[in-house]
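K.L.:
Residue numbers (the numbering used here): 1 to 194.
(1) Report the residue ranges of all alpha helix (DSSP H) runs contained in full by the stretch 76 to 156; include only those spanning at least 4 residues, in chain order.
(2) When we look at the beta-carbon of residue 94 and count the other beta-carbons within 10 Å, is it buried (16 or more) or exposed?
(3) So residue 180 is in the beta strand (DSSP E); what residue range does that whole segment cover?
(4) Can you check whether the CB of residue 46 is closer than 8 Å to the CB of residue 97?
(5) Go ahead and label residue 114 buried or exposed: buried means 16 or more other beta carbons lie within 10 angstroms of its beta carbon, across all protein chains shown.
(6) Mind checking which residues open and close the beta strand (DSSP E) that includes residue 35?
(7) Please determine whether the Cβ atom of residue 64 lies at a distance below 7 Å from any heavy atom of the ligand SAM.
(8) Counting Cβ pairs, one atom from each stretch, are 3 or more of them under 8 Å apart for the stretch 161 to 175 and the stretch 141 to 152?
(9) Keeping to the same chain, check which residues put their C-beta closer than 6 Å to that of residue 43; ignore five residues upstream and five downstream.
(10) Here's a check: name, in chain order, each residue in its chain whose Cβ is nearer than 8 Å to the Cβ of residue 138, leaving out the five neighbours to either side.
(11) Spatial neighbours of residue 196 within its chain, please: C-beta separation below 8 Å, excluding the five flanking residues on both sides.
(12) Does DSSP classify residue 214 as helix, strand or coil?
(13) Under three-state DSSP, which class holds residue 165?
(14) With the cut-off set at 8 Å, would you say residue 33 and residue 119 are in Cβ contact?
(15) Can you have a look at residue 158 and say buried or exposed, based on whether 16 or more other CB atoms are within 10 angstroms of its CB?
(16) Is it right to say residue 66 is buried, meaning 16 or more other beta carbons lie within 10 angstroms of its own, or is it exposed?
(17) On the three-state DSSP scale, how would you describe residue 55?
(18) Taking the alpha-carbon positions, what's the residue 176 to residue 80 distance?
(19) Which residues in the same chain as residue 56 place their Cβ atom closer than 7 Å to its Cβ, once the five residues preceding and following it in sequence are excluded?
(20) Between residue 109 and residue 92, which are expected to be in contact by the criterion C-beta below 8 Å, what is the C-beta distance as a whole number of angstroms?
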């Protein structure tokens with residue numbers, strides 16, 4: 001009888017662990033119809049499309065490179081990263097506005113970043129994010145990545161076409177995902193310091 005109980009407990013534990021492993025599929029979360037790019041002053045803006053240096057790579061939720069944001073990425077339908085994106089805080093020759101504690105501040109233009117969705121085999125982006133065409137992008141790392149509010153007429157600061165701003169110079173893994181939530185598909189982006 002003891003042997004039967006031990007076997008039953010072991011089987012229960014194996015099944016429970018198997019269920020937990022299934023919670024995070026190892027499936028690459030790729031949009032087979034679209035490519036995604038990271039761009040900004042560092043990439044020559046529109047020159048990023050077609051340049052593999054700025055093309056994002058689809059990954060799974062189990063990928064160690066997104067572990068820091070895994071909880072926020074639960075429900076991801078598509079998940080992309082680009083490693084080794086270096087953002088500097090000087091030398092662009094122009095400034096980008098962002099809002100901190102209700103006040104408009106400025107960062108160097110080299111600290112700006114956008115995401116591009118491009119239909120496979122095409123050169124022109126479907127959209128630049130964030131914009132009215134892309135829909136709202138939510139920052140997963142607001143301490144590092146400021147994204148304008150999704151409105152045409154903000155009370156303060158840039159509108160929905162304004163450039164997202166990387167708040168601290170550094171080298172990052174850039175994360176972009178489209179996540180299934182109760183309210184529908186939500187586009188999110190974040191930075192992981194390298």
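A virtual CB, placed ideally from N, CA and C, is assigned to each residue, including glycine.
Keep in mind that this is a model prediction, so the values were computed, not measured.
P.N.:
By the coordinates alone:
(1) none
(2) exposed
(3) 170 to 181
(4) no
(5) buried
(6) 34 to 39
(7) Summarising the ligand content, the structure contains no ligands, and the ligand SAM is consequently not present.
(8) yes
(9) 54
(10) 147, 186, 187, 188 and 189
(11) This structure cannot settle anything about residue 196, because the visible part of the chain is limited to 1 through 194.
(12) Residue 214 lies beyond the residue range present for the chain, which begins at 1 and ends at 194; the question has no answer from this structure.
(13) strand
(14) yes
(15) buried
(16) buried
(17) strand
(18) 5 Å
(19) 36, 37, 38, 80, 81, 82 and 176
(20) 3 Å
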